[in-house]
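With the numbering used here applied, the sequence shown covers 469 to 560.
All C-beta atoms in this analysis are idealised placements derived from N, C-alpha and C, irrespective of residue type, glycine included.
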Amino acid sequence: MKNEIRIIYCTQCRWLLRASWMSQELLTTFSENIDALTLVPGTGGVFEIYTNDLLVWSLKEMNGFPEIKELKLKVRDIIAPNKNLGHTERKK
């Protein structure tokens, strides 16, 4: 199975940098698990992250941007459930 991530970001809101940073974090953490990562320009305040066509984050539905640790856990649970994320796994 190919693992694909799609980040749709609002160009009007200038969220390209945030989308790029999150994509870099995901590609670094899941370098052996991600087959494709796409940044998709959008409008109207959209910021959504899909993993294998499953919505894992929506700015509007979840009232804000994800913390990177939370995003990595959500993506991990879909594409590599047995992968240990080291310090990201530890509870505070």
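For residue i, does the three-state DSSP call read helix, strand or coil?
i	result
W483	coil
I547	helix
L539	helix
E493	helix
E516	strand
S526	strand
S499	coil
For residue i, which residues from the same chain have a beta carbon less than 6 Å from its beta carbon, with the 5 sequence-adjacent residues on both sides left out?
i	result
P509	T479
G554	none
Y518	R474
Start and end of the beta strand (DSSP E) containing residue i?
i	result
E564	Nothing can be reported for residue 564, as the shown portion of the chain is limited to 469 through 560.
T506	A504 to G510
If you measure between the beta carbons of residue i and residue j, is that distance less than 7 Å?
i	j	result
R474	T506	yes
K542	V524	yes
E493	I547	no
D503	N550	no
T496	K540	no
Output the boundary residues of the alpha helix (DSSP H) element that contains residue i.
i	result
L553	L553 -> no alpha helix (DSSP H), and no H or E assigned at all.
Measure from the alpha carbon of residue i to the alpha carbon of each residue in the options, then state which is nearest.
i	options	result
R482	K470, T511 and Q492	T511
N531	N550, E516, N501 and M490	E516
N552	N501, M469 and L527	N501
In chain order, what residues of the same chain lie with their CB nearer than 7 Å to the CB of residue i, ignoring the 5 residues before and after it?
i	result
S526	E516
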